[in-house]
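S.K.:
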Amino acid sequence: MRETFLPFHLPDIGEAEISSVVETLRSGWLTTGPKTKKFEEEFAKAVGAKHAVALNSCTAALHLALEATGVRAGDEVIVPAMTFAATAEVVLYLGATPVIVDVRPDTLDLDASIVERAITPKTKAIVPVDYAGQPCDIAAITALGRSRGIPVIEDAAHAFPAAAQGRPVGSIADVTCFSFYATKTITTGEGGMATTDNAVWADRMRMMSLHGISRDAWKRYTAQGSWYYEILDAGYKYNLTDVASAIGLEQLRRAEALRDARKRIVDRYDAAFADLPELRRHPRRPGTGHAWHLYVLRLDLERLRIGRDAFLDFMKERKIGCSVHFIPLHLHPLYRDRYGYRPEQLPTSTAAFRELVSLPLHTKMTDRDVEDVVSAVREGVLQNRR
Ligand SMILES: *Cc1c(COP(=O)(O)O)cnc(C)c1O
Numbered sequence: 000m001r002e003t004f005l006p007f008h009l010p011d012i013g014e015a016e017i018s019s020v021v022e023t024l025r026s027g028w029l030t031t032g033p034k035t036k037k038f039e040e041e042f043a044k045a046v047g048a049k050h051a052v053a054l055n056s057c058t059a060a061l062h063l064a065l066e067a068t069g070v071r072a073g074d075e076v077i078v079p080a081m082t083f084a085a086t087a088e089v090v091l092y093l094g095a096t097p098v099i100v101d102v103r104p105d106t107l108d109l110d111a112s113i114v115e116r117a118i119t120p121k122t123k124a125i126v127p128v129d130y131a132g133q134p135c136d137i138a139a140i141t142a143l144g145r146s147r148g149i150p151v152i153e154d155a156a157h158a159f160p161a162a163a164q165g166r167p168v169g170s171i172a173d174v175t176c177f178s179f180y181a182t183k184t185i186t187t188g189e190g191g192m193a194t195t196d197n198a199v200w201a202d203r204m205r206m207m208s209l210h211g212i213s214r215d216a217w218k219r220y221t222a223q224g225s226w227y228y229e230i231l232d233a234g235y236k237y238n239l240t241d242v243a244s245a246i247g248l249e250q251l252r253r254a255e256a257l258r259d260a261r262k263r264i265v266d267r268y269d270a271a272f273a274d275l276p277e278l279r280r281h282p283r284r285p286g287t288g289h290a291w292h293l294y295v296l297r298l299d300l301e302r303l304r305i306g307r308d309a310f311l312d313f314m315k316e317r318k319i320g321c322s323v324h325f326i327p328l329h330l331h332p333l334y335r336d337r338y339g340y341r342p343e344q345l346p347t348s349t350a351a352f353r354e355l356v357s358l359p360l361h362t363k364m365t366d367r368d369v370e371d372v373v374s375a376v377r378e379g380v381l382q383n384r385r
């Protein structure tokens, strides 16, 4: 039995990140400035996009992407049920209606046929999610959106670095939104990025991220800048600080090594659970570059005497931090009460929710930590076989 609790996630912050922050603090430039510019340039290069706009969260990126692509009050935006609060709340910020749709039974994400069935004359954006770090069928969804004139905003909060059909996530959808929240694949504490090839949308997101004032407003305090600015629209305060970007630049350099380290843990989990029919591992789409953000298992409740909640209690007793991704949106009071969703309207998400368990998957885990997770999971299953 472990002595200490194994957290579900721990950020991997090295000496390079620490020195970079200290150097930034000493530089006298704390907020958006040269480090953020550099972070944007290097991130755009990493995902093969023409433009990258650094923001203080992925939520901000999703909000600005919908705003820039033209979502307005009364419009509809298609979102999957299996996602985090952010994906749908930004639709409400704009006075539009999130149309929550059920996901594929295998990969728990959207595909083009699901999206197509949900399109109405009011649909003004589609926001698919790369669940667990595995890209959804984003090329087909983007092609469908283009054929109907509907922008596709990819919620890639889990999916850096990732690829689909040989192209990096960040270069496929009309706009792609990434998260650098503390638990994500790379982190700046809080932070996000929107990437696009569309210069008009990139400029609009940049302007709206800083009070809706004229372009490159942050330069007004530099030698090249001018004191003069104009307020062009009612913007937001969504800019990323240089302190955060200093962390981001170092994390970006390590992103693939961190991903590979998570993948080694995935391989160990896969091998350790292969003989247990009570556990179904999340299916992998062939030909996609997975970011391996989450290790998701589905409990086969027919074969077990306990439910998911009791399984999580057991893991907690064994001092292993687990999580659930996600409580489907339509089951939350906000969406249930405001739009009248019933659980059986989205049967796949409703059923999957009762079976989902996410195991710890992070690069601060030791070999011993991985073994502890494996033995706790195996015991939880073997003690509760039907
Ligand atoms: C974490 C997350 C977000 C929000 O990211 P923030 O950077 O915390 O705003 C959005 N979508 C999904 C699917 C997420 O998991």
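Numbering that gives the first Met the number 0 numbers the first residue of the sequence shown as 0 and each following residue consecutively.
In this text, a Cβ means the ideal position worked out from N, Cα and C, and glycines have one as well.
1. Taking the alpha-carbon of Lys-123 as reference, which of Gln-133, Asp-74, Ala-138 has the nearest alpha-carbon?
2. I'd like the list of long-range same chain contacts for Thr-82, defined as Cβ closer than 8 angstroms, with 5 residues on each side in sequence excluded.
3. Which residues, in chain order, sit with a beta-carbon under 6 angstroms away from any heavy atom of ligand 1?
4. Where does Glu-229 sit, in a helix, a strand or coil, going by DSSP?
5. Buried or exposed: Phe-352, going by 16 or more other Cβ atoms within 10 Å of its Cβ?
6. Would Leu-251 and Glu-16 be called neighbours here (beta carbons separated by less than 8 angstroms)?
7. Let me check understanding here. Comparing Cα to Cα, which of Ala-95, Pro-97, Val-126 lies closest to Leu-110?
8. Spell out the partners DSSP gives Leu-298 in its beta bridges.
9. Please name the residue, chosen from Val-376, Leu-330, Ala-67, that lies closest to Asp-173 on a Cα-to-Cα basis.
10. Does the distance from the C-beta atom of Ser-56 to that of Gly-191 stay below 8 angstroms?
11. In terms of alpha-carbon separation, which member of Val-89, Thr-106, Asp-371 lies closest to Pro-97?
12. Rounding to the nearest angstrom, what Cα-Cα distance links Arg-1 and Asp-371 in this structure?
13. Closest to Phe-4 by C-alpha separation, out of Thr-31, Glu-316, Thr-106, Ser-170, would be which residue?
14. Could you check whether Ser-18 and Leu-248 sit closer than 8 angstroms to each other, using their CB atoms as the reference points?
15. Shortest alpha-carbon distance to Ala-59 belongs to which of Asp-101, Thr-86, Val-199?
16. Considering only C-alpha positions, which residue in the set Ala-161, Thr-141, Ala-158, Leu-355 is nearest to Ile-152?
17. Please look up how many angstroms separate the CB atoms of Arg-279 and Leu-303, rounded, as I've assumed it's under 8 angstroms.
18. Could you give the uninterrupted runs of the beta strand (DSSP E) lying entirely in the segment 59 to 142, keeping only those of 3 residues or more?
19. For the putative contact between Glu-277 and Arg-384, defined by C-beta atoms under 8 angstroms, what is the C-beta separation to the nearest angstrom?
20. Between the Cα of Leu-360 and those of Pro-120, Ile-319, Arg-166, Gln-164, spot the shortest distance and give me the residue it belongs to.
21. Let me check understanding here. Comparing Cα to Cα, which of Ala-201, Ala-243, Thr-365, Leu-231 lies closest to Leu-29?
22. How big is the Cα-Cα spacing for Ile-77 and Arg-341?
23. Hey, how far is the Cα of Asp-269 from the Cα of Pro-282?
24. Sorted by chain position, which residues of the same chain lie with C-beta nearer than 7 angstroms to Arg-219's C-beta, five sequence neighbours on each side aside?
25. Shortest alpha-carbon distance to Gly-379 belongs to which of Leu-107, Glu-354, Asp-259, Phe-310?
26. Would Ala-158 and Ala-290 be called neighbours here (beta carbons separated by less than 8 angstroms)?
27. Have a look at Ala-156 and Arg-258 and give me their C-alpha separation to the nearest angstrom.
28. Can you look up Met-192 in the DSSP assignment and give me helix, strand or coil?
29. Kindly give me the distance between the Cβ atoms of Ala-161 and Pro-120, rounded to whole angstroms, as I take these residues to be in contact under 8 angstroms.
M.R.: Looking at the coordinates:
1. Asp-74
2. Val-128, Tyr-130, Asp-154, Phe-325, Leu-328
3. With the criterion CB distance below 6 angstroms from any heavy atom of ligand 1, the matching residues run Ser-56, Cys-57, Thr-58, Thr-82, Phe-83, Ala-85, Thr-86, Val-128, Asp-154, Ala-156, His-157, Ser-178, Tyr-180, Gly-191 along the chain.
4. coil
5. By the 16-neighbour rule on beta-carbons within 10 angstroms, Phe-352 is buried.
6. no
7. It is Asp, not Leu, that sits at residue 110 in the sequence shown. The option with the nearest alpha carbon to Asp-110 is Val-126.
8. Leu-278
9. Answer by Cα proximity: Ala-67.
10. yes
11. Of the listed residues, the one whose Cα sits closest to Pro-97 is Val-89.
12. 7 angstroms
13. Residue Glu-316 is the option with its Cα nearest to Phe-4.
14. no
15. Distances from the alpha-carbon of Ala-59 to those of Asp-101, Thr-86, Val-199 put Thr-86 closest.
16. Nearest C-alpha to Ile-152: Thr-141.
17. No, Arg-279 and Leu-303 are not in contact; Cβ-Cβ is about 12 angstroms, not under 8 angstroms.
18. 75 to 79, 96 to 100, 122 to 125
19. Indeed, because the Cβ distance is near 7 angstroms, the residues count as touching under 8 angstroms.
20. It is Ile-319.
21. Ala-243
22. 17 angstroms
23. Their backbone Cα atoms lie some 11 angstroms apart in a straight line.
24. Ser-225, Trp-226, Tyr-228
25. It is Phe-310 whose Cα lies nearest to the Cα of Gly-379.
26. yes
27. 14 angstroms
28. strand
29. Wrong, their Cβ atoms sit about 33 angstroms apart, outside the cutoff.
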